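Down below is the structure, laid out as structure tokens.
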Amino acid sequence: MVSSLFGYLVSILPAGVLALALLLLIPRALVGARVAVHILFFILARDAMSPAGFWQLDAGSMRLSGSAPVLFALAGMSAALVIGVAWLERGAREGMAWWGKGRMVPSVLWGVLGAVVVTAIAAALKTALGLPSLPAPDSSMYAPILVFALLGNAYEELLFRGMLQQRLGQHMSATRAWVVAAVLFSLCHAWLALIVTRVGLPVLVFTLIEGLVAGFVYRRAGLLGATLAHGLAIFALAIGLY
Numbered sequence: 059m060v061s062s063l064f065g066y067l068v069s070i071l072p073a074g075v076l077a078l079a080l081l082l083l084i085p086r087a088l089v090g091a092r093v094a095v096h097i098l099f100f101i102l103a104r105d106a107m108s109p110a111g112f113w114q115l116d117a118g119s120m121r122l123s124g125s126a127p128v129l130f131a132l133a134g135m136s137a138a139l140v141i142g143v144a145w146l147e148r149g150a151r152e153g154m155a156w157w158g159k160g161r162m163v164p165s166v167l168w169g170v171l172g173a174v175v176v177t178a179i180a181a182a183l184k185t186a187l188g189l190p191s192l193p194a195p196d197s198s199m200y201a202p203i204l205v206f207a208l209l210g211n212a213y214e215e216l217l218f219r220g221m222l223q224q225r226l227g228q229h230m231s232a233t234r235a236w237v238v239a240a241v242l243f244s245l246c247h248a249w250l251a252l253i254v255t256r257v258g259l260p261v262l263v264f265t266l267i268e269g270l271v272a273g274f275v276y277r278r279a280g281l282l283g284a285t286l287a288h289g290l291a292i293f294a295l296a297i298g299l300y
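Heads up, the sequence shown is in our numbering, so the first residue is 59 and it goes up one at a time.
Here is the structure:
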């Protein structure tokens with residue numbers, strides 16, 4: 059566990075140093091450039107999980123293959139990044155709602171509904187196309203998978219919905235910002251889909267659906283709702299629910 063996690067952290071360290079240097083050099087007023095740096099580092103850190111052996115992808119499924127301690131450790135790092143980036147980039151998330159209209163319970167319900175929609179669409183497409191599945195994990199792994207799915211995707215949602223979509227909404231209509239952010243979200247999975255895993259189109263289609271639903275939920279239920287929609291959809295996929 060320690061060696062695999064250490065190897066992963068060493069592999070992303072050079073990019074992390076470069077990203078930190080850029081954030082120190084780029085003025086806070088250049089919000090777009092700073093958001094781009096955060097997203098680029100996230101893409102590299104996420105895609106490096108494949109060669110590290112922390113997850114597996116095929117055309118119809120995804121499994122988190124890291125051990126429970128590794129998943130908990132990665133979840134903790136993601137939580138730290140959420141706190142750190144949210145504090146550091148207060149200007150980039152200007153206007154961001156943590157939950158919808160100050161009410162937490164409706165935001166949770168929106169998030170669960172969003173996850174159900176993503177899961178239903180993905181399951182229907184998988185069945186219609188006859189896509190394969192990797193072996194399902196043991197039920198003892200459900201808790202670490204859930205924690206990782208929620209906290210890991212909280213970081214991703216902060217970047218793509220709380221910062222990117224929110225920022226785009228200052229320069230175009232809210233609907234266009236929602237769609238543009240979702241398409242960019244899918245595009246940011248292209249290297250993972252086409253080069254790292256060679257799974258191809260299924261990853262791009264799934265992430266486009268996920269981005270559209272999470273972005274829609276974000277507009278109504280804030281970051282909490284978007285995180286639950288994204289995280290619970292990934293949890294359902296990772297445990298082999300369909």
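By construction, the Cβ of each residue, glycine as well, lies at the ideal position given by its N, Cα and C atoms.
Just so you know, these numbers come straight off a predicted model, no measurement behind them.
Whether residue i touches residue j by CB criterion (8 Å)
| i | j | result |
| --- | --- | --- |
| L281 | E215 | yes |
| G289 | A207 | yes |
| Y99 | A77 | Contrary to the premise, residue 99 reads as Phe rather than Tyr in this sequence. Cβ distance < 8 Å, so F99 and A77 count as in contact. |
| A137 | L209 | yes |
| V176 | A287 | yes |
| L82 | R92 | no |
| A181 | Y300 | yes |
| M120 | A296 | yes |
| T285 | S108 | no |
Cβ-based neighbour list, residue i, same chain, cut-off 7 Å, excluding 5 preceding and 5 following
| i | result |
| --- | --- |
| S244 | L262, T265, L266, G269 |
| A322 | A question about residue 322 goes unanswered here, because the residues of the chain that appear run from 59 up to 300. |
| F293 | I203, L204, A207 |
| A150 | V89, R92, V93, M221, R225 |
| S62 | A110, G111, V128 |
| A248 | L262 |
| F130 | P202, V205 |
| A144 | R151, L216 |
| D116 | P190, L192, V257 |
| V68 | none |
Option nearest residue i by Cα separation, candidates the options
| i | options | result |
| --- | --- | --- |
| V60 | A155, L242, G124 | G124 |
| I84 | S197, R104, L146 | L146 |
| G153 | G227, S231, V174 | G227 |
| G142 | R277, V254, L217 | L217 |
| V257 | A144, P127, Q114 | Q114 |
| V271 | A91, G169, F130, I101 | G169 |
| S197 | S108, R148, A126 | A126 |
| A279 | A150, G90, A155, R121 | A155 |
| P195 | P72, L167, G298 | G298 |
| A73 | A103, R277, K159 | A103 |
| V275 | R148, V75, G158 | G158 |
| N211 | L132, I253, L171, L167 | L132 |
Contact belief for residue i with residue j at Cβ below 8 Å, rounded distance in angstroms
| i | j | result |
| --- | --- | --- |
| S165 | G273 | In fact, because the Cβ distance is near 15 Å, the residues do not count as touching under 8 Å. |
| A106 | I70 | 5 Å |
Contacts around residue i, its chain only, beta-carbon distance under 8 Å, and the 5 residues preceding and following it disregarded
| i | result |
| --- | --- |
| L259 | A251 |
| V241 | L266, G269 |
| G65 | A110 |
| M162 | L282 |
| M230 | V238 |
| I97 | L217, F218, L222, C246 |
Environment of residue i [buried if 16+ CB atoms lie within 10 Å]
| i | result |
| --- | --- |
| L193 | According to the sequence provided, residue 193 is Pro. The question's Leu does not apply to it. Under this definition P193 is an exposed residue. |
| Q224 | buried |
| M221 | buried |
| S202 | Sequence check: residue 202 is Pro here, not Ser. Buried. |
| A239 | buried |
| L187 | exposed |
| Y200 | exposed |
| R86 | exposed |
| R277 | buried |
Contacts around residue i, its chain only, beta-carbon distance under 6 Å, and the 5 residues preceding and following it disregarded
| i | result |
| --- | --- |
| G118 | K184, L189, P190, S191 |
| I179 | I267 |
| I101 | C246 |
Check: residue i C-beta below 7 Å from any heavy atom of the ligand PLP
| i | result |
| --- | --- |
| T285 | For the structure depicted, the ligand PLP is absent and the ligand set is empty, with no information on it obtainable. |
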